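Below: the structure, in structure tokens.
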Amino acid sequence: MTNAQINVLYDQYNQCMARNGWSKQTNVGDQVAQTKAQNACVAEDPLPPWQLDASNPKAGDFVHAVVQCLRDKGVQYVEQNSAQGGIESFSFGGPNNDSTSIRLGMQYTPDCEKQVAARGIGN
434 MTNAQINVLY
444 DQYNQCMARN
454 GWSKQTNVGD
464 QVAQTKAQNA
474 CVAEDPLPPW
484 QLDASNPKAG
494 DFVHAVVQCL
504 RDKGVQYVEQ
514 NSAQGGIESF
524 SFGGPNNDST
534 SIRLGMQYTP
544 DCEKQVAARG
554 IGN
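My numbering puts the first residue of the sequence shown at 434, with every later residue one more than the last.
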């Protein structure tokens, strides 16, 4: 999907959340309102990409391979995170927010994701 297509999905979800009493601008920190709206909008909540979806048994392998690719490209501080919120993920920067690792990680992530996907990992 393109970023524009993804934004449309999240716009619909955020509109649903607002219709059900929660928005980022007015309800920050109101867990009760947020949970109520999330429950009402579960059908509008966009699914993560299949290769990052924690319900995909191969998603962890995909993320691990992307992290290895990033390390091979010189990203020193990149770690695979445990699945949270139904999404497998990774983070850059380490405990000191190393700016070089963040910059290189952001630069090389799309290429590494394409390389890993082309090898069929995560599918």
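The beta carbon of each residue, even a glycine, is placed where N, CA and C say it ideally should be.
Keep in mind it's a predicted model, so treat the numbers as computed, not measured.
* Any 3 or more C-beta pairs closer than 8 Å across the stretch 529 to 546 and the stretch 489 to 505 -> yes
* Sort out for me which residues DSSP pairs I432 with in a bridge. => In the structure as shown, the chain begins at 434 and stops at 556. Residue 432 is therefore absent and cannot be evaluated.
* Counting pairs of beta carbons, one from the stretch 488 to 496 and one from the stretch 464 to 476, are three or more of them closer than 8 Å? -> The stretch 488 to 496 and the stretch 464 to 476 do not touch, with fewer than 3 CB-CB distances between them shorter than 8 Å.
* 7 Å Cβ cutoff met for V511 and F495 -> Here residue 511 refers to the residue found at position 78 of the sequence shown. Here residue 495 refers to the residue found at position 62 of the sequence shown. No, they are not a contact pair.
* From Q471 to P482, what distance separates their C-alpha atoms? -> In the sequence shown, residue 471 corresponds to position 38, counting from 1. In the sequence shown, residue 482 corresponds to position 49, counting from 1. If you take the alpha carbons of Q471 and P482, they lie about 20 Å apart.
* How many angstroms separate the CA atom of G538 from the CA atom of Q509? -> If you number the sequence shown from 1, residue 538 lands on position 105. If you number the sequence shown from 1, residue 509 lands on position 76. Each residue's Cα considered, the two are about 9 Å apart.
* Give the straight-line distance between the Cα atoms of A451 and I439, rounded to the nearest whole angstrom. => In the sequence shown, residue 451 corresponds to position 18, counting from 1. In the sequence shown, residue 439 corresponds to position 6, counting from 1. Computed Cα separation, rounded: 18 Å.
* **Three-way DSSP call (helix, strand, coil) for V499 in this model** => Here residue 499 corresponds to residue number 66 of the sequence shown, with the count starting at 1. In the structure shown, V499 sits in a helix (DSSP, three-state: H, G or I).
* Spatial neighbours of A473 in its chain, beta-carbon cut-off 6 Å, leaving aside the 5 residues before and after -> In the sequence shown, counting from the first residue as 1, residue 473 sits at position 40. Cβ neighbours of A473 beyond the five flanking positions: N453.
* To do: For the alpha helix (DSSP H) containing Q438, list its first residue and its last residue.
  => By 1-based counting over the sequence shown, the position of residue 438 is 5. The continuous alpha helix (DSSP H) containing Q438 extends over residues 436 to 452.
* In whole angstroms, what separates the C-alpha of N536 from that of Q458? -> Sequence index remark: in the sequence shown, residue 536 carries index 103 (1-based). Sequence index remark: in the sequence shown, residue 458 carries index 25 (1-based). The question names Asn, but residue 536 in the sequence shown is Arg. Rounded to whole angstroms, the separation of the alpha carbons of Q458 and R536 is 29 Å.
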